[in-house]
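Enquirer:
In our numbering, the protein residues as written are 706 to 1308.
#1: Here's the rule: buried if 16 or more other CB atoms are within 10 angstroms of the residue's CB, otherwise exposed. What is residue 1193?
#2: With distances taken between CB atoms, is the gap from residue 1039 to residue 760 smaller than 9 Å?
#3: Can you tell me which of 1108, 1044, 1065 puts its alpha carbon nearest to the alpha carbon of residue 1092?
#4: When you compare the CB positions of residue 996 and residue 894, do they come within less than 9 Å of one another, or not?
#5: How big is the Cα-Cα spacing for residue 1104 and residue 782?
#6: So, does the region 1059-1072 touch the region 767-787, judging by three or more C-beta pairs under 8 Å?
#7: What residue range does the alpha helix (DSSP H) around residue 1165 cover?
#8: Have a look at 1189, 1203, 768 and flag the residue whose alpha-carbon is nearest the alpha-carbon of residue 1142.
#9: By DSSP, does residue 1190 sit in helix, in strand, or in coil?
#10: Mapping the DSSP letters down to three states, classify residue 1310 as helix, strand or coil.
#11: What's the C-alpha gap between residue 951 and residue 1019?
#12: Quick one: Cα of residue 908 to Cα of residue 735, how far?
#13: Between the alpha carbons of residue 1001 and residue 870, how many angstroms are there, rounded?
#14: Nearest to residue 816 by alpha carbon, out of 1051, 837, 792, 831?
#15: Hey, how far is the Cα of residue 1158 from the Cα of residue 808?
#16: Report all residues from its chain with a CB closer than 7 Å to the CB of residue 934; omit the five preceding and five following residues, and keep chain order.
#17: Using only alpha-carbon positions, find the residue among 717, 766, 745, 747 that is nearest to residue 1050.
#18: So what does DSSP say about residue 873, is it helix, strand or coil?
#19: Quick one: grab the DSSP three-state call for residue 720.
#20: Thinking C-beta only, is residue 866 closer than 9 Å to residue 1042?
#21: For residue 897 versus residue 968, is the C-beta spacing smaller than 9 Å?
#22: Alpha carbon to alpha carbon, how far is residue 1100 from residue 1171?
#23: When you compare the CB positions of residue 1312 and residue 1028, do they come within less than 9 Å of one another, or not?
#24: Restricting to Cα atoms, I'd like to know which of 1153, 1190, 1175 is closest to residue 1166.
#25: Does the pairing of the region 915-925 with the region 734-749 give three or more beta-carbon distances under 8 Å?
#26: Should residue 1186 be labelled buried (16 or more other beta-carbon atoms within 10 Å of its own) or exposed?
#27: Using only CA atoms, which one of 848, 837, 838, 811 lies nearest to residue 826?
#28: Which of helix, strand or coil does DSSP assign to residue 715?
#29: By a C-beta neighbour count over all protein chains shown, 10 Å radius and 16 as the cutoff for buried, is residue 858 buried or exposed?
#30: In whole angstroms, what separates the C-alpha of residue 750 from that of residue 774?
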């Protein structure tokens, strides 16, 4: 499918900056409905009182929040992370050529990336992306090859702390694009950054060859910031008519010491000349000054930006999150809880109706009512006690919210009521987790696998000499480091994530083995056709016990033989002591001590 492009009227730097800033405002304004919904979800996830949410104007005296939305958010994030990244090597290399299918080549690629993940904070970034995915329904990241250097505090020399591919999270609030394009990768994008002026000028100094910033424009910016620092607040607001996101006024922005960068990435069609400019990267400062304009060569990973959506919309790339549809139900259970609490307070301290002439007298904790009129009366106005049944309605709504979000209920220890056969339980568990499984598979295909292949690509392009990879020797349980060269990483094929499929396969296998074991226990004729040794191997694989070495063919028989030998030795000791006239108690103590010494020697 052809990539989408934006149409601009001329690429002259000053007008170009204004056009890109206008495009950012247009795309950002077009997603305001989505932003408002995300804001409401996040309010409920982190709320400690209904006064912090859109339910702040409820008529009840209580403001309790039942953190059900928070629990679903945490449950989904924890289970997604465990299913996707439960093992260090949650991915494998699938070669496209026979020459690249060697075990050495595949091991070099997988071990290299696994090592880089250990040192680059890969899992921490992925957890943040999963949080974005659950909270907003969208997550974005980019892949870049970095070389991080620090200065030794003693010698003053620079040393490399990390070199290799690295994944960077992009906040869903800081990226806009054309949401009507069919594929995210084909859509032009604008990424917003807010950095200090010192950081901007440091980037200019450290920029690699081929991605030089406009030196003249940088100097003009420095002079502009120097001049504007002496202006009055009213002068700034009067002469600079622009509004930055998150800042109250232009003067507030310029006096903050921050600089807004808008990075445009994509194709541009110049209406003035009728020319299509492909793969452009343009950086705009303060929504007016273009400090970089040229063809993308993947500096800062702008050519490798990835997106995953939780519930996709038709003809709109901004996806919906799992919590969006549950906000109303969260509002309802808060409403029921606080209404019930108010009703209970009314039962404890009810209003009273005085009929006729009534004299009230307080005698310590007791209140006495004296009614002079024969028709007088004093009675409580207590609410209907059925209001306390709100607890049942709250429990029902909470269960529905779990189901609607696709949370794995068995992981929370929740079991559906009723007696079921083993196969029925297995079938229900698989069906209940189908939505959860589908979602993590979508995340793998849309984000994890493209990120892995992007990491390998930047490594091949930038690894000039050699690097090292950490390999775990499973036989001895020790780590060793092997040298990795660029040739070791050059291969035709793709990296495939297998965390989600492995998680589902193992969970299903355990359920089926358990159900089938129950069937065999009730059918001896069938059991003779399924020997125990292969079944033991299947259990060992399904439960992931390979590294624990729990499976040993006929190991229990060997243990029984060893136990019998120890018992025989102990019995012989008892017999010898008895023949020598030693009492039974003394014989037993000496026999036990002898048996213990023999066992310590491995006899």
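Cβ atoms here follow ideal geometry from the backbone N, Cα and C, with glycine treated the same way.
Expert: Quick look at the numbers:
#1: buried
#2: yes
#3: 1044
#4: no
#5: 18 Å
#6: no
#7: 1154-1167
#8: 1203
#9: strand
#10: A question about residue 1310 goes unanswered here, because the residues of the chain that appear run from 706 up to 1308.
#11: 31 Å
#12: 32 Å
#13: 18 Å
#14: 792
#15: 19 Å
#16: none
#17: 766
#18: strand
#19: helix
#20: no
#21: yes
#22: 59 Å
#23: As displayed, the chain neither begins before 706 nor continues past 1308, which places residue 1312 out of reach and without an answer.
#24: 1190
#25: no
#26: exposed
#27: 848
#28: coil
#29: exposed
#30: 6 Å
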